[in-house]
Every structure is written in C-alpha cells, then in structure tokens.
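**Q** I have a structure here, written as structure tokens, and I will follow up with some questions on it.
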Amino acid sequence: MGAQIRVYKRRIKSVSATKKITKAMEMIAASRIIKAQRKVAASTPYADELTSAVTAVAHGADVKHPLTTEVENPKRAAVLLITSDRGLAGGYSSNAIKAAEHLTSELTHDRKDVQTYVIGRKGVAYYNFRERQVEQTWTGFTDSPSYADAKAVAAPLIEALKQDTAEGGVDELHIVFTEFVSMMTQTPVERRMLPLSFEKTAEESAQVFMSDRVHALYEFEPSAEEVLDELLPRYVESRVYNALLQSAASEHAARRRAMKSATDNAEDLIKSLKRLANAARQADITQEISEIVGGASALADASAGSDR
Amino acid sequence: MAELHVELVAADRKVWSGKASLVVARTSSGEIGIMPGHQPLLGVLASGPVTIRTTGEDQLGKDGTVIAAVHGGFISFADDKLSLLAEIAELSYEIDVERAERALDAAKADQDAAAERRADVRIRAVAVAR
Numbered sequence: 003m004g005a006q007i008r009v010y011k012r013r014i015k016s017v018s019a020t021k022k023i024t025k026a027m028e029m030i031a032a033s034r035i036i037k038a039q040r041k042v043a044a045s046t047p048y049a050d051e052l053t054s055a056v057t058a059v060a061h062g063a064d065v066k067h068p069l070t071t072e073v074e075n076p077k078r079a080a081v082l083l084i085t086s087d088r089g090l091a092g093g094y095s096s097n098a099i100k101a102a103e104h105l106t107s108e109l110t111h112d113r114k115d116v117q118t119y120v121i122g123r124k125g126v127a128y129y130n131f132r133e134r135q136v137e138q139t140w141t142g143f144t145d146s147p148s149y150a151d152a153k154a155v156a157a158p159l160i161e162a163l164k165q166d167t168a169e170g171g172v173d174e175l176h177i178v179f180t181e182f183v184s185m186m187t188q189t190p191v192e193r194r195m196l197p198l199s200f201e202k203t204a205e206e207s208a209q210v211f212m213s214d215r216v217h218a219l220y221e222f223e224p225s226a227e228e229v230l231d232e233l234l235p236r237y238v239e240s241r242v243y244n245a246l247l248q249s250a251a252s253e254h255a256a257r258r259r260a261m262k263s264a265t266d267n268a269e270d271l272i273k274s275l276k277r278l279a280n281a282a283r284q285a286d287i288t289q290e291i292s293e294i295v296g297g298a299s300a301l302a303d304a305s306a307g308s309d310r
Numbered sequence: 010m011a012e013l014h015v016e017l018v019a020a021d022r023k024v025w026s027g028k029a030s031l032v033v034a035r036t037s038s039g040e041i042g043i044m045p046g047h048q049p050l051l052g053v054l055a056s057g058p059v060t061i062r063t064t065g066e067d068q069l070g071k072d073g074t075v076i077a078a079v080h081g082g083f084i085s086f087a088d089d090k091l092s093l094l095a096e097i098a099e100l101s102y103e104i105d106v107e108r109a110e111r112a113l114d115a116a117k118a119d120q121d122a123a124a125e126r127r128a129d130v131r132i133r134a135v136a137v138a139r
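Structure follows, in structure tokens:
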C-alpha cells in the first residue's frame with residue numbers, strides 16, 4: 003500500500019471517531035431539550051400566578067415599597083448574566099456575554115455603577131481572563147437548574163437591593179439570559195427585573211378602566227407592606243428560575259445545533275477524504291500496471307533482440 | 010351553586026387544580042376559610058396543611074377533600090378564582106409518612122429548624138387527611 007493511502011485512511015478513521023462523538027452529543031442534547039422544555043412549561047403556572055399577584059399589588063395598593071418604586075437617580079445596577087458550564091454549544095455563551103457587555107456599557111453610559119453576577123463556568127472564565135471584577139459567581143447547575151439553585155442566586159441579589167445605595171446596595175436589577183424561542187432560534191435578551199417596569203402601563207391601565215373587572219380593592223393579609231415584602235423576593239426567585247430554565251433549554255438546543263453541523267461537516271470531510279483515498283489507490287494501481295507492462299515490454303524487447 | 014376555581018401550584022409544577030366549595034388555609038395572622046364570593050384577597054401563607062373541599066368530579070380526593078402540605082407561599086383570590094402559590098406543596102397522599110418522620114428525627118438531632126418544620130408540616134397534613 004502506498005504511503006499516500008495510509009495517510010488518508012488514518013485521517014478517515016480519526017474523523018469518523020470524532021463524528022461518532024459529535025453524533026452522540028447531538029442526540030443527548032436533543033433528548034435534554036425536551037426535558038428542559040417540559041421543566042419550563044411546568045414552572046410557568048407558578049410564574050404566571052405570581053406575576054399577576056405582583057401586578058395586582060403594585061396596581062391596587064398605595065404602598066411605597068423600595069422594590070417597586072423607581073429611584074430618582076439610580077447610582078448602581080446589578081447585572082445577572084447566565085452562561086453555560088460547558089462549551090461545544092456554538093455561540094451560546096459568547097452571545098449571552100456579548101449581550102451583557104452591551105448592557106453594561108449602556109448602564110455605564112448612564113452613569114451607573116455596574117455590579118456583575120455571573121452564572122456558568124464560561125462566563126466566569128471570560129471575566130477572570132480579563133481580570134474584571136465580578137461580585138459573585140455560581141457554577142455547576144446550568145444543565146438542569148433546580149428551584150433551590152435559583153433561590154441561592156436570588157438571595158444575594160435581593161440582599162443588595164434592600165441595602166441602601168450609599169452602603170453599597172443596588173438600585174436596579176437586570177438579567178441577561180438566552181430566551182428559548184424555538185428549537186432553531188434562541189436569542190440572548192436583557193431584561194430589567196426590578197424596579198418593576200410597567201412598560202404597557204398606558205394601554206393596560208386604560209384596559210383596567212374599560213373592563214368591568216377593577217383591579218383594586220384587594221384585602222391584604224396581614225398587611226400590604228408585609229405581603230409585598232414576602233412577594234417580591236419570591237418574584238425575583240421565580241424570574242431567576244424561569245431564566246435559568248430557559249437558558250438551560252437554549253443551551254441544549256444550541257449544543258444540538260452545533261453538534262449537528264459538526265457531524266455534517268465530519269460526514270463531508272469523510273466523503274472527500276474517501277474520494278482522495280480512492281484516487282490515490284487508483285493511481286497506485288495504475289502505476290503498478292504501467293510498471294508491469296513497461297517491464298514486460300522491456301523484457302520482450304530484450305529477448306527479441308537476443309533471438310536474432 | 011357557586012364554586013371556587015382552585016389552582017394549587019408549586020414553583021416547579023402544578024400540584025392540583027379543580028373546583029371547590031371551601032378552602033381553608035393558614036395565613037401568617039391566622040386561619041382563613043374562603044368560600045365563593047369572598048372579597049379579593051392576597052395573603053401570606055404560613056407553613057401548614059391546606060384543606061380544599063372539592064365539588065363534583067374530583068380526580069383524586071376520595072371523600073371530596075384534598076389536603077396539601079404547603080410550605081410558605083401566597084394565597085390570592087379574585088373573581089372566584091383562588092390561587093395557592095407555594096415554593097413547595099405536596100398532596101397528602103404523595104407524602105411518605107415514614108420518610109417524613111425519619112426526616113423529623115434527623116432534623117431534631119441536627120437542630121435544623123427549617124427541616125424540622127418541613128417534616129412536621131408533612132406529618133400534620135397526613136394526620137388531617139386521615
């Protein structure tokens with residue numbers, strides 16, 4: 003066998019080994035997307051009910067709560083960034099990081115100090131490498147986050163929100179995560195979590211007055227302040243939880259897509275390498291034949307000469 | 010007859026939903042019973058059993074009563090729609106009493122007040138259901 007063919011054979015072997023791995027990863031990711039999606043769906047009723055309760059209180063109660071009222075001159079903002087622990091998921095983590103960077107520069111432009119909180123090893127590595135200051139980091143659960151994880155993340159955020167700005171507290175809370183739009187589309191989004199923003203206030207309040215159902219007149223047990231005090235941490239937790247679950251689903255979807263294209267590329271590579279190997283083998287054979295033919299005719303010529 | 014539409018949801022799943030005539034829960038300032046036509050209410054739940062008296066077809070509760078152990082959360086009621094939101098909520102028949110008792114002993118030994126309370130709520134919910 004010619005040296006050329008041996009080289010091609012070796013490369014084909016290594017590429018098909020890689021292809022097997024990427025194929026397996028693709029299938030694992032695909033099965034996990036379904037699971038992650040189901041978790042997102044299961045957590046939706048709680049988030050919906052909680053959001054409607056928060057809206058009801060915020061609309062119906064005349065309470066000034068530090069978590070709902072906007073500070074006149076916000077000085078400091080917290081940004082929570084959700085990335086993945088593992089790579090091989092295409093642009094998943096770097097897109098989220100890019101969105102966070104964009105948000106950070108916008109906030110700094112508005113003269114706000116930015117405190118960054120990072121979830122996921124990829125994001126942590128990014129900030130560490132650039133020696134940028136990070137308030138707190140969490141790793142190890144981005145694959146399948148539990149509610150307890152969300153609670154652990156939310157606790158210091160709520161703590162920082164409750165603190166006075168002068169003592170190092172924050173006025174705003176933003177979250178950057180990857181929204182799971184569909185199997186094919188996942189978009190990084192930046193959202194302001196607190197203070198509650200009622201973006202649709204104008205339309206919504208108009209609707210409230212037009213519909214027969216009037217929001218107000220809730221009775222609070224024990225009191226509106228205490229209900230809000232309890233409600234807002236839960237609200238933050240459930241929003242963080244929802245963001246974590248969506249990010250997990252997006253991560254798996256991104257990985258599946260990245261691995262699918264890796265598998266496809268490996269297939270293409272194997273195909274072209276096979277062609278090259280075949281051509282090399284054919285060339286070898288052709289050469290051998292022409293050598294034999296050439297040798298035979300040389301022999302024939304020589305013996306024909308001696309006969310005479 | 011007027012009915013309540015009840016949704017009992019935990020942070021990671023919907024635990025129970027259906028129609029009911031009476032819901033008794035414990036808020037941080039005492040027990041509260043809610044029947045159809047109650048004033049809109051939003052309250053903080055204390056850990057404890059929640060009793061839901063169901064009407065008509067109920068999927069699970071045999072005698073028309075569903076008991077759930079709820080570990081903190083909220084109760085909100087408006088327009089005959091009642092939502093019980095809890096971080097953790099379990100129906101009484103889902104609770105493994107032996108395990109809860111073991112957890113209670115372990116929590117007592119470790120002096121883990123939160124775990125002790127959780128186990129206690131579970132055992133109480135099962136006791137009420139019987």
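In the order they appear, the protein sequences are chains A and B. Numbered according to the working numbering, the first sequence spans residues 3 to 310. Numbered according to the working numbering, the second sequence spans residues 10 to 139. Ideal Cβ positions, reconstructed from N, Cα and C, are used throughout, including at glycine.
#1: Looking at the structure shown, is B/Gln48 part of a helix, part of a strand, or coil, going by DSSP?
#2: Exposed or buried, A/Met27, counting other C-beta atoms within 10 Å across all chains shown (16 or more means buried)?
#3: On a Cα-Cα basis, can you pick out the residue from A/Val59, A/Ala98, A/Arg277 that is closest to B/Ala87?
#4: Verify whether the separation of the beta carbon atoms of A/Glu227 and B/Leu50 is less than 9 Å.
#5: Short of 6 Å in beta carbon distance, which residues of its chain neighbour A/Asn97, apart from the five on each side in sequence? Order them along the chain.
#6: DSSP state of B/Ile104, grouped into three classes?
#7: Under 8 Å: do the stretch 86-101 of chain A and the stretch 152-162 of chain A share three or more Cβ pairs, one atom per stretch?
#8: Let's see if you can read the secondary structure: which residues bound the alpha helix (DSSP H) around A/Pro158?
#9: Quick one: what's got a C-beta closer than 6 Å to B/Glu99's C-beta in the same chain, skipping five residues either side?
#10: Would the beta-carbon of A/Leu105 fall within 9 Å of that of A/Val178?
#11: Could you tell me whether the Cβ of B/Ala19 comes closer than 9 Å to any Cβ of chain A?
#12: Quick check: the Cα distance between A/Val56 and A/Leu198, rounded to an integer number of angstroms?
#13: List the residues of chain B whose Cβ lies closer than 9 Å to the Cβ of A/Glu269, in chain order.
#14: Whose CA, out of B/Gly73, B/Val53, B/Gly82, B/Lys23, lies closest to the CA of B/Thr60?
#15: Can you list the beta strand (DSSP E) stretches of 3 or more residues lying completely in the stretch 35-118 of chain A, in chain order?
#16: Along chain A, which residues have their Cβ under 8 Å away from the Cβ of B/Thr60?
#17: Closer than 9 Å, CB to CB, is B/Lys23 near chain A or not?
#18: Listed from N- to C-terminal order along the chain, which residues in the stretch 29-60 of chain B have their beta-carbon within a distance smaller than 8 Å of any beta-carbon of chain A?
#19: Excluding sequence positions up to five away, which residues of its chain have a Cβ less than 6 Å from the Cβ of B/Val24?
#20: So which residues on chain B does A/Leu52 lean against when the C-beta distance must stay under 7 Å?
#21: Suppose contacts are defined by Cβ-Cβ distances below 9 Å. Is A/Thr180 in contact with A/Ala282 by that definition?
#22: Which residues, in order along the stretch 227-247 of chain A, keep a beta-carbon less than 7 Å from a beta-carbon of chain B?
#23: Using a Cβ-Cβ cut-off of 7 Å (strictly less than) and excluding sequence neighbours within five positions of A/Lys11, which residues of its own chain qualify?
#24: Using a Cβ cut-off of 8 Å, pull out every chain A residue sitting near B/Glu16, in sequence order please.
#25: With a cut-off of 9 Å, does the C-beta of A/Ser148 fall near any C-beta of chain B?
#26: Which partner residues of A/His176 appear in the DSSP bridge assignment?
#27: On a Cα-Cα basis, can you pick out the residue from A/Trp140, A/Glu174, A/Thr141 that is closest to A/Lys114?
#28: Does the separation of the CB atoms of B/Leu93 and B/Val137 fall below 9 Å?
#29: Output, in chain order, the set of chain B residues within a Cβ distance shorter than 8 Å of A/Ala44.
#30: Can A/Asp151 and A/Glu253 be called in contact, C-beta distance under 9 Å?
#31: Measure the C-alpha to C-alpha separation of A/Val242 and B/Ala116 and round it to an integer number of angstroms.
#32: Of the choices A/Gly4, A/Asp303, A/Pro76, A/Gln284, whose alpha-carbon is the least far from that of A/His176?
#33: May I ask you to report which of helix, strand or coil DSSP gives A/Arg134?
#34: Answer yes or no: does any C-beta atom of chain A fall closer than 9 Å to that of B/Ala87?
#35: Which residue comes first and which comes last in the beta strand (DSSP E) that contains B/Ala20?
#36: Can a CB atom of chain B be found closer than 9 Å to the CB of A/Phe222?
**A** If we stick to the structure as given:
#1: The residue given as residue 48 of chain B occupies position 39 in the second sequence. Coil at B/Gln48, not helix or strand.
#2: As a working note, residue 27 of chain A is residue 25 in the first sequence. By the 10 Å Cβ count, A/Met27 comes out buried.
#3: Indexing the second sequence from 1 puts residue 87 of chain B at position 78. Minimum Cα distance to B/Ala87 is reached at A/Val59.
#4: Position 225 of the first sequence, counted from the first residue, corresponds to residue 227 of chain A. Position 41 of the second sequence, counted from the first residue, corresponds to residue 50 of chain B. Remark: C-beta atoms of A/Glu227 and B/Leu50 do not approach each other more closely than 9 Å.
#5: Mapped onto the first sequence, residue 97 of chain A falls at position 95. Hits under 6 Å: Pro190.
#6: Taking the first residue of the second sequence as 1, we reach residue 104 of chain B at position 95. Coil at B/Ile104, not helix or strand.
#7: no
#8: Walking along the first sequence from the start, residue 158 of chain A turns up at place 156. Run containing A/Pro158: 149-164, per the alpha helix (DSSP H) assignment.
#9: What you label residue 99 of chain B is simply residue 90 of the second sequence in a count that begins at 1. Result list for B/Glu99: Ala78, in chain order.
#10: As a first step, residue 105 of chain A must be located in the first sequence, where it is residue number 103. As a first step, residue 178 of chain A must be located in the first sequence, where it is residue number 176. Yes, they are a contact pair.
#11: Taking the second sequence and counting its residues from 1, one reaches residue 19 of chain B at position 10. For B/Ala19, the answer is yes, since a Cβ of chain A falls inside 9 Å of its Cβ.
#12: Working through the first sequence from its first residue, we reach residue 56 of chain A at position 54. Working through the first sequence from its first residue, we reach residue 198 of chain A at position 196. Each residue's alpha carbon lies about 9 Å from the other.
#13: Taking the first sequence and counting its residues from 1, one reaches residue 269 of chain A at position 267. Contact of A/Glu269 with chain B by beta-carbon distance below 9 Å is absent, the smallest such distance being about 39 Å.
#14: Stepping through the second sequence from its first residue, residue 60 of chain B is reached at position 51. Nearest C-alpha to B/Thr60: B/Gly73.
#15: 78-84
#16: Along the second sequence, read from residue 1 onward, the residue named residue 60 of chain B stands at position 51. Ordered by position in chain A, no residue passes the 8 Å Cβ test against B/Thr60, which lies about 17 Å from the chain.
#17: Mapped onto the second sequence, residue 23 of chain B falls at position 14. It does: the Cβ of B/Lys23 has a partner Cβ on chain A nearer than 9 Å.
#18: Thr36, Ser37, Ser38, Ile41, Gln48, Pro49, Leu50, Leu51, Gly52, Val53
#19: By 1-based counting over the second sequence, the position of residue 24 of chain B is 15. Cβ contact annotation for B/Val24 (same chain, cutoff 6 Å, sequence separation greater than five): Leu17, Ala98, in chain order.
#20: In the first sequence, the residue the question calls residue 52 of chain A occupies position 50. The contacting residues are Leu94.
#21: The count along the first sequence starts at 1 and reaches residue 180 of chain A at position 178. The count along the first sequence starts at 1 and reaches residue 282 of chain A at position 280. Against a cut-off of 9 Å, the Cβ pair of A/Ala282 and A/Thr180 comes out as no contact.
#22: Glu228, Val229, Glu232, Leu233, Ser240, Tyr243
#23: Here residue 11 of chain A corresponds to residue number 9 of the first sequence, with the count starting at 1. Only Ala279 meet the Cβ criterion.
#24: Indexing the second sequence from 1 puts residue 16 of chain B at position 7. Ordered by position in chain A, the residues that pass the 8 Å Cβ test against B/Glu16 are Pro47, Glu51.
#25: Position 146 of the first sequence, counted from the start, is the residue given in the question as residue 148 of chain A. Chain B contact via Cβ: present.
#26: Looking up residue 176 of chain A in the first sequence gives position 174. Partner(s): A/Val81, A/Arg194.
#27: Along the first sequence, one-based indexing puts residue 114 of chain A at 112. For A/Lys114, the closest C-alpha among the options A/Trp140, A/Glu174, A/Thr141 is that of A/Glu174.
#28: Along the second sequence, one-based indexing puts residue 93 of chain B at 84. Along the second sequence, one-based indexing puts residue 137 of chain B at 128. Not a contact, by the Cβ cut-off of 9 Å.
#29: Counting from 1 along the first sequence, the entry for residue 44 of chain A is found at position 42. Within chain B, the residues near A/Ala44 are Asp21, Arg22, Lys23.
#30: Mapped onto the first sequence, residue 151 of chain A falls at position 149. Mapped onto the first sequence, residue 253 of chain A falls at position 251. No, they are not a contact pair.
#31: Taking the first sequence and counting its residues from 1, the one referred to as residue 242 of chain A is at position 240. Taking the second sequence and counting its residues from 1, the one referred to as residue 116 of chain B is at position 107. Those two C-alpha atoms are separated by around 29 Å.
#32: Sequence index remark: in the first sequence, residue 176 of chain A carries index 174 (1-based). The option with the nearest alpha carbon to A/His176 is A/Pro76.
#33: Position 132 of the first sequence, counting from 1, holds the residue named residue 134 of chain A. Of the three classes helix, strand and coil, the one that applies to A/Arg134 here is coil, per DSSP.
#34: As a working mapping, residue 87 of chain B is identified with position 78 in the second sequence. Using a CB distance cut-off of 9 Å, B/Ala87 counts as an interface residue toward chain A.
#35: Within the second sequence, numbered from 1, the residue matching residue 20 of chain B stands at position 11. Counting along the chain, B/Ala20 falls outside any beta strand (DSSP E), and DSSP gives it neither H nor E.
#36: Start at 1 with the first residue of the first sequence, and residue 222 of chain A comes out as number 220. Judged by the 9 Å Cβ criterion, A/Phe222 is in contact with chain B.
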